[in-house]
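If you read the protein sequences in the order shown, they are chains E and S. Residue 571 is where the first sequence starts when you use my numbering, and the numbers rise one by one after that. Residue 2 is where the second sequence starts when you use my numbering, and the numbers rise one by one after that. Note that the Cβ used here is the ideal one computed from N, Cα and C, for glycine as well.
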Amino acid sequence: GEEVAQTPKHLVRGEGQKAKLYCAPIKGHSYVFWYQQVLKNEFKFLISFQNENVFDETGMPKERFSAKCLPNSPCSLEIQATKLEDSAVYFCASSQLGVEAFFGQGTRLTVV
Amino acid sequence: AQSVSQHNHHVILSEAASLELGCNYSYGGTVNLFWYVQYPGQHLQLLLKYFSGDPLVKGIKGFEAEFIKSKFSFNLRKPSVQWSDTAEYFCAVNAGGTASKLTFGTGTRLQVTL
Numbered sequence: 571g572e573e574v575a576q577t578p579k580h581l582v583r584g585e586g587q588k589a590k591l592y593c594a595p596i597k598g599h600s601y602v603f604w605y606q607q608v609l610k611n612e613f614k615f616l617i618s619f620q621n622e623n624v625f626d627e628t629g630m631p632k633e634r635f636s637a638k639c640l641p642n643s644p645c646s647l648e649i650q651a652t653k654l655e656d657s658a659v660y661f662c663a664s665s666q667l668g669v670e671a672f673f674g675q676g677t678r679l680t681v682v
Numbered sequence: 002a003q004s005v006s007q008h009n010h011h012v013i014l015s016e017a018a019s020l021e022l023g024c025n026y027s028y029g030g031t032v033n034l035f036w037y038v039q040y041p042g043q044h045l046q047l048l049l050k051y052f053s054g055d056p057l058v059k060g061i062k063g064f065e066a067e068f069i070k071s072k073f074s075f076n077l078r079k080p081s082v083q084w085s086d087t088a089e090y091f092c093a094v095n096a097g098g099t100a101s102k103l104t105f106g107t108g109t110r111l112q113v114t115l
């Protein structure tokens with residue numbers, strides 16, 4: 571597709587529950603990035619992929635966060651045992667050559 | 002590590018006023034520079050980008066930015082703002098090269114009044 575598609579748009583989870591977010595990159599784009607936007611303004615890089623391979627995972631909290639990009643499937647970001655501080659908007663971005671990134675609409679995760 | 006500073010947190014302008022939003026970055030190597038806009042409830046949209054060449058870059062919707070290497074700055078400008086420009090503006094940088102992560106500034110909220 572011509573847009574980065576993220577699902578769901580909104581997700582509410584009780585503390586301790588699992589959350590799984592999906593991202594379909596623009597067709598033909600080899601790179602996928604995940605960012606977390608907290609407090610409306612602060613963007614934090616989480617992880618990037620080149621096709622199905624992890625490219626940079628320096629921003630990923632090691633304990634509860636995981637991500638995958640499998641062939642012929644949307645990429646996913648999973649949070650095990652969510653905490654209140656995980657409440658944020660999670661943005662996925664894709665890039666053809668790894669330089670200019672196009673962002674999706676985001677998934678707003680609310681942990682209650 | 003890279004860092005980006007946006008000194009103006011909230012700017013209020015009347016329609017037709019000129020706009021300049023400051024952006025300074027800290028990084029010793031080659032960088033790519035970006036300005037993104039986020040309209041209320043929407044995703045980030047790319048306004049303009051600088052990779053190399055002419056330091057004055059023009060983007061969409063009448064926006065432009067000037068890269069001044071000696072000042073580590075990439076300020077965003079628009080000669081005459083419109084009410085529809087009301088949004089959050091984010092400056093971002095990444096290290097030159099492939100698949101470098103973006104480092105964002107904390108954003109500037111622009112409010113344009115009629």
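With which residues is residue i paired in a DSSP beta bridge?
i	result
S/W36	S/L49 and S/C92
E/W604	E/I617 and E/C662
S/I69	S/S74
S/Y28	According to DSSP, which records beta bridges pairwise, S/Y28 is partnered with nothing at all.
E/V582	E/T680
S/N61	At residue 61 of chain S the sequence reads Ile, which differs from the Asn that was named. S/I61 pairs with nothing; no bridge assigned.
Taking Cβ-Cβ distances shorter than 7 Å, what residues in chain S pair up with residue i?
i	result
E/S618	A100 and K102
Could you name the residues of chain E that residue i contacts, counting a contact when the two beta carbons are closer than 9 Å?
i	result
S/L47	E670, A671, F672 and F673
List the residues of chain S that residue i touches, going by C-beta distances under 8 Å, in chain order.
i	result
E/L667	T99
Out of the options, point me to the one whose CA is closest to residue i's CA.
i	options	result
S/G42	E/K638, E/K579, E/V602 and E/S636	E/K579
S/S81	S/F68, S/Y51, S/V113 and S/W36	S/V113
S/I61	S/K50, S/C24, S/F68 and S/I69	S/K50
E/T680	E/C662, E/S657, E/S664 and E/S600	E/S657
S/G30	S/F105, S/G98 and S/A93	S/G98
E/P644	E/Q675, E/E612, E/E622 and E/Q587	E/E622
S/H8	S/A96, S/S101 and S/F75	S/F75
S/T87	S/F64, S/Q39 and S/N25	S/Q39
E/P631	E/E648, E/V602 and E/G674	E/E648
Please work out which residues of its chain come closer than 6 Å, Cβ to Cβ, to residue i, disregarding the five sequence neighbours upstream and downstream, and give them in chain order.
i	result
E/K638	S646
S/S15	T114
What residues of chain S sit near residue i, judged by a beta carbon separation below 9 Å?
i	result
E/G586	None at all; the shortest Cβ gap to chain S is about 29 Å.
E/F635	Near E/F635 there are no residues of chain S at all, since even the closest Cβ is about 15 Å away, more than 9 Å.
E/D626	A100, S101 and K102
E/G598	Residues of chain S passing the Cβ test: none, with the nearest at roughly 15 Å.
Which residues in chain E sit within 7 Å of residue i, going by Cβ to Cβ distance?
i	result
S/G107	The question names Gly, but residue 107 of chain S is Thr in the sequence shown. The contacting residues are N611 and E612.
S/N9	The premise fails here: S/N9 is roughly 13 Å from chain E at the closest Cβ pair, so nothing lies under 7 Å.
S/N25	Under the 7 Å cutoff, chain E gives no residues; its nearest Cβ is about 17 Å from S/N25.
Among residues of its own chain, excluding the 5 on either side of residue i, which ones have a beta-carbon nearer than 8 Å to its beta-carbon?
i	result
E/I596	G571, E572, E573, V574, S664, Q666 and F672
S/K70	P56
- Taking a cut of 7 Å between CB atoms, which residues from the segment 601-616 of chain E lie near chain S? Cβ contacts with chain S come from Y601, F603, N611, E612, F613 and F615.
- Task: Residues of the segment 44-78 of chain S with a CB closer than 9 Å to any CB of chain E: list them in chain order, please.
- Result: Across the segment 44-78 of chain S, CB contacts with chain E closer than 9 Å involve H44, L45, Q46, L47, K50 and F52, in sequence order along the chain.
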